[in-house]
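Per full-length UniProt numbering, the very first residue in the sequence shown carries number 1; after that it's consecutive.
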Amino acid sequence: MECTFVEGRTPATLAGVPPDARAIGIAEGSTQIGRQHQQIFETLLATQNLSLISRTHVQLELRPGAGLTATNMSSNPLYLDNEAVPKGEVRRLLPDQVLSFARLEGASHIYFLQFSV
Numbered sequence: 001m002e003c004t005f006v007e008g009r010t011p012a013t014l015a016g017v018p019p020d021a022r023a024i025g026i027a028e029g030s031t032q033i034g035r036q037h038q039q040i041f042e043t044l045l046a047t048q049n050l051s052l053i054s055r056t057h058v059q060l061e062l063r064p065g066a067g068l069t070a071t072n073m074s075s076n077p078l079y080l081d082n083e084a085v086p087k088g089e090v091r092r093l094l095p096d097q098v099l100s101f102a103r104l105e106g107a108s109h110i111y112f113l114q115f116s117v
């Protein structure tokens with residue numbers, strides 16, 4: 001998955017981040033995503049948004065013949081395209097879909113980090 005949007009960064013500054021610091025590799029089996037598992041969040045995010053990424057935020061499962069799924073492991077907001085993924089829910093991920101991390105601001109969720117599948 002490649003990071004395509006970071007709040008507060010222009011597309012040019014994001015493109016200037018080394019590829020390995022803005023992408024998460026997905027291996028066959030289970031991959032956990034969160035502050036505890038990848039250092040890229042510290043590279044990409046401002047301090048105020050870093051705390052909104054849970055230690056284990058999402059669990060990805062890549063199985064031959066079954067494709068890629070994502071389970072929201074966090075109570076922090078997570079979206080697939082523009083649809084909320086409640087904690088504990090599983091969604092199938094398809095190429096070019098967007099996985100978004102969000103924060104609550106007033107009554108709205110604001111995307112601050114997005115990855116393209």
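All C-beta atoms in this analysis are idealised placements derived from N, C-alpha and C, irrespective of residue type, glycine included. All of these numbers come straight from a predicted model, not from anything done at the bench.
Exercise for review: Report yes or no: do the stretch 54–64 and the stretch 107–115 share at least 3 C-beta pairs separated by less than 8 Å?
Suggested key: no
Practice item. Tell me whether the beta-carbon of isoleucine 40 lies closer than 8 Å to the beta-carbon of alanine 12. Key: no
**Study point:** Selection from His57, Thr69 and Glu7 that minimises the alpha carbon distance to serine 75
**Key:** His57
Exercise for review: Verify whether the separation of the beta carbon atoms of phenylalanine 101 and methionine 1 is less than 8 Å.
Suggested key: no
Check your understanding: Do glutamate 42 and leucine 52 come within 8 Å of each other at the CB atom, strictly closer than that value?
Key -> no
Practice item. Label proline 77 either buried or exposed according to how many other C-beta atoms from any shown protein chain fall within 10 Å of its C-beta, with 16 as the threshold for buried. Key: buried
Point to revise | Straight-line Cα distance separating asparagine 82 from glycine 67 | key: 21 Å
Check your understanding: leucine 45 and valine 6 look like a contact to me (Cβ under 8 Å); what is the Cβ gap, rounded to whole Å?
Key -> 7 Å
**Study point:** For arginine 55 and lysine 87, the rounded distance between their alpha carbons
**Key:** 14 Å
**Study point:** Check whether alanine 70 and leucine 99 have beta carbons under 8 Å apart
**Key:** yes
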